[in-house]
Amino acid sequence: MARQIVEASPEALGTGILDIETQLRLERFLAYEAALMDEHEYDTWMSLWTDDDDILYWVPCNDDDQDPTTGIAIIYDNRRNLAERMMRLKDKTAHAYRPRAKLVRTVSGIVPLKVEGDELDVSASFVLGEMRVGIQNIWFGKCLYRLKKEPNGFRIHRKKVMLLNNDEAMPNLTFLV
């Protein structure tokens with residue numbers, strides 16, 4: 002059966018279908034975000050976030066859809082908490098974060114779920130290899146993003162990281178997922 006290429010109409014763009022140029026920019030943006038996290042470039046990574054006060058960085062625990070205000074979360078950070086997390090990660094005297102983990106991740110399956118005006122809801126899968134103090138971990142997960150299109154590119158407004166093993170005992174996360 003021959004594969005059919007379908008051009009998206011402007012009406013379809015509101016349902017999560019992107020033109021090829023926008024899809025490519027989106028994929029490059031998420032690859033860049035992953036590289037910043039892997040290289041512990043915290044200040045530059047923070048610059049990818051919108052300037053809004055209500056940003057959210059959330060890593061659920063036990064259930065991907067659990068209400069984070071009443072249940073347990075591995076991470077549930079607003080701007081203030083995320084700034085504090087960045088300060089701890091950068092602190093050279095914080096022994097729990099030393100030595101830094103060596104990280105490498107692959108981001109794939111980047112799918113726009115919804116496009117409304119200048120906002121995009123996007124899903125992406127990842128595999129993350131971590132090596133720290135002689136221990137190797139492999140993390141699998143999916144991220145749900147709320148991105149805003151701005152004149153200079155995309156910015157993150159919300160990020161939900163659903164680790165595949167979020168219902169299992171896990172070591173302390175001494176890095177960004």
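If you're matching positions, the sequence shown starts at 2 in the numbering used here and goes up one per residue. Positions of the beta carbon are idealized from the N, C-alpha and C atoms, including for glycine. What you are looking at is a predicted structure, and each value in this text was computed from that prediction instead of being measured.
Exercise for the section: Would you list the residues sitting across from Pro113 in a DSSP beta bridge? Expected result: What you label residue 113 is simply residue 112 of the sequence shown in a count that begins at 1. DSSP output for Pro113 lists Val123 as bridge partner(s).
Problem - Close Cβ partners of Asn63 (< 6 Å) along its chain, the five nearest in sequence each way excluded - result: The residue given as residue 63 occupies position 62 in the sequence shown. Asp168, listed in sequence order.
Problem - Nonlocal neighbours in the same chain, by C-beta distance under 6 Å from Tyr77, ignoring five residues either side - result: Working through the sequence shown from its first residue, we reach residue 77 at position 76. Here the set comprises Trp59, Pro69.
Practice task
Express the C-alpha separation of Val112 and Leu19 in angstroms, rounding to a whole number.
Solution key: For the purposes of this step, residue 19 is taken as the residue at position 18 of the sequence shown. For the purposes of this step, residue 112 is taken as the residue at position 111 of the sequence shown. Cα-Cα distance, rounded: 9 Å.
Problem - Residue range of the beta strand (DSSP E) that includes Asp1 - result: Outside the shown range of the chain, which is 2 to 178, sits residue 1, and nothing can be said about it.
Handout entry: Reference Arg80, options Leu164, Met163, His158, closest by Cα
Key = Numbered from 1 along the sequence shown, position 79 holds the residue referred to as residue 80. Measuring from the Cα of Arg80, the nearest candidate turns out to be His158.
Practice task
With DSSP as the reference, label Ile157 as helix, strand or coil.
Solution key: Numbered from 1 along the sequence shown, position 156 holds the residue referred to as residue 157. If DSSP states are grouped into helix, strand and coil, Ile157 belongs with the strands.
Handout entry: Outcome for Leu114 when other beta-carbon atoms lying within 10 angstroms are tallied against a minimum of 16
Key = Reading the sequence shown from its first residue, position 113 is the one you call residue 114. Exposed, because fewer than 16 other Cβ atoms sit within 10 Å of the Cβ of Leu114.
Practice task
Rounded to whole angstroms, what's the CA-CA distance from Asp39 to Glu117? Just pull it up for me.
Solution key: Numbered from 1 along the sequence shown, position 38 holds the residue referred to as residue 39. Numbered from 1 along the sequence shown, position 116 holds the residue referred to as residue 117. Cα-Cα distance, rounded: 30 Å.
Handout entry: Reference Leu164; option with closest CA among Val128, Lys149, Met88
Key = Mapped onto the sequence shown, residue 164 falls at position 163. It is Val128 whose Cα lies nearest to the Cα of Leu164.
Practice task
Would you tell me roughly how many angstroms separate the C-alpha atoms of Lys93 and Met87, rounded to the nearest one?
Solution key: Locating residue 93 in the sequence shown gives position 92, counting from the first residue. Locating residue 87 in the sequence shown gives position 86, counting from the first residue. Distance between the alpha carbons of Lys93 and Met87: 12 Å.
Handout entry: Helix, strand or coil at Lys91 [DSSP, three-state]
Key = Within the sequence shown, residue 91 is the residue found at index 90, counting from 1. If DSSP states are grouped into helix, strand and coil, Lys91 belongs with the helices.
Exercise for the section: Please say whether Trp46 and Leu177 have beta carbons closer to each other than 9 Å? Expected result: By 1-based counting over the sequence shown, the position of residue 177 is 176. By 1-based counting over the sequence shown, the position of residue 46 is 45. Against a cut-off of 9 Å, the Cβ pair of Trp46 and Leu177 comes out as a contact.
Problem - Cβ shell of Arg101 (< 7 Å), same chain only, five flanking positions each side left out - result: For this step, residue 101 is matched to residue 100 along the sequence shown. Excluding residues within five positions, the ones whose Cβ falls inside 7 Å are His41.
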